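Undergrad:
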């Protein structure tokens, strides 16, 4: 007997609806950069409290059926829309995850936010941990704590991190966060000394 996966079928059907939006009862246009994307208010509203509020109230977007998206690039918007329609995201990378995390927070897409955070945690390294730390500082305390713990427990020697341009930039632009890193390192070192003595 063949397996039937209703959730997978629904996701495929909604992806088809998104792909065919210009011809399938689309009732709103999203404008981003020089592009326009047709979409469905009911789906956007069901998935995002921000879109729901926008379309329920007498806002310009609700009356004109046009939403200007000026703070996302077109690739991020398309990826966010695919998530809204299907619940899936393909091909996460460090750069698009940063942009998607911003979009997820702005449009209150908690599932997308969780996906982005899980991806960042699974791909953290000595090379990108400071980027992850900054994202955590902005968007998610748990992600920030994860990055701090990584720095304290996984970075082989702080001197390797300390000489990077990212660290110098962090000290200049986010000095309070740089201080938190140093305090966490000292606390972790004190704990190691206490355990050894």
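Numbering (my numbering), first residue to last: 1135 to 1331.
Glycine residues also receive a C-beta, built at the ideal position from the N, C-alpha and C atoms.
Source: prediction; values computed, not measured.
#1: Quick check on DSSP: helix, strand or coil for residue 1172?
#2: On the three-pair Cβ rule with 8 Å, is the segment 1239-1259 touching the segment 1211-1223?
#3: For residue 1201, I'd like the list of residues in its chain whose CB is within less than 6 Å of its CB, leaving aside the five on either flank, ordered along the chain.
#4: Looking at the secondary structure, which residues open and close the beta strand (DSSP E) in which residue 1325 lies?
#5: Got a sec, what are the start and stop residues for the alpha helix (DSSP H) residue 1268 sits in?
#6: So what does residue 1164 bridge to, in DSSP terms?
#7: In whole angstroms, what separates the C-alpha of residue 1233 from that of residue 1197?
#8: Nearest to residue 1288 by alpha carbon, out of 1308, 1318 and 1273?
#9: Thinking C-alpha only, which one of 1218, 1159 and 1269 is nearest residue 1182?
TA: Taking the coordinates as given:
#1: Reduced to three states, the DSSP call for residue 1172 is strand.
#2: yes
#3: 1164 and 1195
#4: Looking at the DSSP string, residue 1325 is not in any beta strand (DSSP E); the run it does join, the alpha helix (DSSP H), is 1309-1330.
#5: 1263-1273
#6: 1171 and 1201
#7: C-alpha separation (whole angstroms): 29 Å.
#8: 1318
#9: 1218
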